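Numbering of the sequence shown is given in our numbering, commencing with residue 2 and proceeding in unit increments. Note that CB positions come from ideal geometry on N, CA and C, so glycine has one too. A quick note: this is a predicted structure, and the numbers were derived from the prediction, not measured. Heads up: the structure comes next, in structure tokens.
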Amino acid sequence: MLDLSQAKYIFKIVVVGDGAVGKTSLIKKYTEEKFQSDYIMTIGANFAVKNVEVDGVIIKLQLWDLAGQPQFKEVRSSFYRGAAGAIYVYDVCRPESYLSLVNWKNELVKECGEVPGVLLANKIDLEEHRKVTHEMGEELAMRLGGLPYFETSAFTGAGVKEAFQKIAEIIYRTATQK
Numbered sequence: 002m003l004d005l006s007q008a009k010y011i012f013k014i015v016v017v018g019d020g021a022v023g024k025t026s027l028i029k030k031y032t033e034e035k036f037q038s039d040y041i042m043t044i045g046a047n048f049a050v051k052n053v054e055v056d057g058v059i060i061k062l063q064l065w066d067l068a069g070q071p072q073f074k075e076v077r078s079s080f081y082r083g084a085a086g087a088i089y090v091y092d093v094c095r096p097e098s099y100l101s102l103v104n105w106k107n108e109l110v111k112e113c114g115e116v117p118g119v120l121l122a123n124k125i126d127l128e129e130h131r132k133v134t135h136e137m138g139e140e141l142a143m144r145l146g147g148l149p150y151f152e153t154s155a156f157t158g159a160g161v162k163e164a165f166q167k168i169a170e171i172i173y174r175t176a177t178q179k
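And the structure:
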């Protein structure tokens, strides 16, 4: 059994997307296994840490939850610095949050260059309100550079661990290939 308290690598991951798509809830579900039902707008950025195992090595993920509202755009730029990876999130019930992810990717690339990422289609538990299809999500993942695509629910936990594990694996393997 590996000692998860002894991280050999530390990687900063920014979690981006429009306000109220579930970024904070996804991070809480992943790091604390809790769901926060009330919406509290992120001001600037929130920060969480989780140690995970990849290829028998313990790595520390620093998860930066960036404010999604347009008025925080200027503040966000400083939080991108040093990012090793990105998690792009949209709400399957809000097509505008899906459409804006191209802008999110452009903003991130402008601030810190190309970094590995994953695409998360969140709130799949709200199937009766869904407007963005699975196929549309896969198409966006390709447009964003062939990102791995996950359908998630911060409420039920569906796909959450798998998505965060995948970005950890990609970042670790990218960093150790150099």
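Mind checking residue i: buried by the 16 CB within 10 Å criterion, or exposed?
i      : result
GLY138 : buried
THR177 : exposed
THR134 : exposed
SER98  : buried
GLY86  : buried
ILE28  : buried
LEU141 : buried
LYS106 : buried
LYS13  : buried
PHE165 : buried
THR25  : buried
ASN123 : buried
THR153 : buried
Comparing C-alpha positions only, which one of the options sits nearest to residue i?
i      : options                       : result
VAL93  : LYS132, ASN107, LEU102, LEU64 : LYS132
TYR150 : LEU121, ARG82, ASN47, VAL16   : LEU121
ILE11  : ASP126, ILE59, GLY158, LEU127 : ILE59
GLY114 : GLN7, LYS35, VAL15, ALA49     : VAL15
LYS111 : PHE48, SER79, GLN63           : SER79
Just to confirm the assignment, what range does the alpha helix (DSSP H) spanning residue i have?
i      : result
VAL22  : Looking at the DSSP string, VAL22 is not in any alpha helix (DSSP H), and its letter there is neither H nor E.
GLU136 : 135-144
VAL93  : Neither: VAL93 is in no alpha helix (DSSP H) and is coded neither H nor E.
GLU108 : 102-113
Taking the continuous beta strand (DSSP E) assigned at residue i, which residues delimit it?
i      : result
LEU59  : Note that residue 59 is Ile in the sequence shown here, rather than Leu. Looking at the DSSP string, the run of the beta strand (DSSP E) that includes ILE59 is 58-67.
PHE156 : Looking at the DSSP string, PHE156 is not in any beta strand (DSSP E), and its letter there is neither H nor E.
Does DSSP classify residue i as helix, strand or coil?
i      : result
VAL119 : strand
LYS51  : strand
LYS30  : helix
ILE125 : coil
LYS13  : strand
ALA87  : strand
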